[in-house]
Every structure is written in C-alpha cells, then in structure tokens.
Amino acid sequence: MIFRLALSTLSLFALSNCDTQKKAVEAAADSATTSHAGNSSATQTMNTNSNDKNQKVIYLKEGENKFLKEYEMNITFKKITEDSRCPKDANCVWIGNATAEIEVMGLYTRPMTLQLSTQPDTKKGRYTTQQFNGYAVSLVLVSPEPASATSFKSMKGNYTIGIRLQKSTDGGTETGTTTR
1 MIFRLALSTL SLFALSNCDT QKKAVEAAAD SATTSHAGNS SATQTMNTNS NDKNQKVIYL
61 KEGENKFLKE YEMNITFKKI TEDSRCPKDA NCVWIGNATA EIEVMGLYTR PMTLQLSTQP
121 DTKKGRYTTQ QFNGYAVSLV LVSPEPASAT SFKSMKGNYT IGIRLQKSTD GGTETGTTTR
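Counting in this note's numbering, the sequence shown runs from 1 upward without gaps.
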C-alpha cells in the first residue's frame, strides 16, 4: 500500500514538473522564434542573462549553410536525426529529446559532423555543447515543437535550429569532441 502511494505521488510530481519545464521551453522558443521572424538576419543577439550579453545565436533552417566570417567557420544544418520531444498538446512524463546533425568547418580544418541534442545524456553520447576549433558550439533552440497530429517524417525539412558559439576555455572533455 505504501509502495503504491509513493509511486502515485512520484508520478504526479513528475507530471507537474514536466508541465512546468514544457511551459518554460515554450516561452523561450516563442520569444526566440518571434525575434527571429521579425528579423531575417542570420545572426542575432539573445540576452537571457548578464553572462550571455556578447553571445550570438545563429539560426539555420534544415539544409541551410552559412559562413560566419567573425568565427572563421562554415556551419551547415544537415538534418534532425531524432525528435522524441513531448508534443505541445500532450502531457508527458519525460520532456523528450531532439538531436540535430550539423557540419562545421574552419578555414584551416577539415569538415566535422557534430550531433547536438536538447537533452544531455553522456551514456548515449548526447551533448548539448561540443567543442570545435576553439569554440563551444551549443544547441539552444529546435523549432517547431512537435504536435500530436504531426509525425517526425512530416516535419522533416521544416526544422529551424538556434546555435550559440562561444570562445572555449576548457579542453572539451565533458561536452564532446574537440578539434583544434
């Protein structure tokens, strides 16, 4: 009896926590999508807190390629390889994960494919940030959010991601691969 009570309490807590996380993610995605829709430039500044004042978010559509002169690198958003995020019109126990495959290439480096995920899981090789050419490359946005009525296959080709580049200070041992 106590086990069932504890299990049901944990389930309710997980559902309420998931709903709260989902609302926070929706609010962040809405504000980023709104600012992106209003300005079609490739690079925008996103001020989320005082530490992020000089960090820029680069928005890429699926299949899009951009050369970033200030970082001396080329970034291509190849595809979304996984999207198991909780649909926006459903209540889920787990928030889910989306993984974007991007290709980065510096002026003097060979191309490298990075897998960036919305939820980190080192056991499965999922990272939200990976190191490349002295920069930490982070996935900050995947849109649109899935809906119950749409499938992963029907959304292919319609994804937009937000990538943040920051000068790296660590060796990259905890966040993924390093190429220098």
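Even glycine gets a Cβ: it sits at the ideal position worked out from N, Cα and C.
Please read these numbers as outputs of a predicted model, since none were measured by experiment.
The way I'd put it, the region 148-159 doesn't touch the region 106-116; fewer than three beta-carbon pairs between them come closer than 8 Å. Contact holds between the region 158-172 and the region 124-137, because three or more Cβ pairs, one in each stretch, are under 8 Å apart. The C-beta distance from Glu62 to Lys79 rounds to 6 Å, short enough to meet the 8 Å contact threshold. Here DSSP, grouped into helix, strand and coil, assigns Glu101 to strand. Asn97 is the residue among Tyr71, Arg4, Ile161, Asn97 whose C-alpha sits nearest the C-alpha of Gln119. Setting aside the 5 residues that flank it on each side, Asn74 is surrounded in the same chain by Phe67, Met105, each with a C-beta closer than 6 Å to its C-beta; the list follows chain order.
Runs of the beta strand (DSSP E) lying entirely within the region 115-173 and spanning at least 3 residues, in chain order: 129-132, 135-143, 160-167. In this structure Val93 is exposed. Its beta-carbon is surrounded by fewer than 16 other beta-carbon atoms within 10 angstroms.
Look at Ile75 here: in three-state DSSP terms it is strand. DSSP lists Glu103 as the bridge partner or partners of Thr113.
The Cβ atoms of Thr81 and Thr99 lie closer than 8 Å to each other. Asp121 and Met1 have their C-alpha atoms roughly 34 Å apart. When secondary structure is reduced to three states using DSSP, Ile80 falls in the strand class. Under the three-state reduction of DSSP output, Ile2 falls in the helix class.
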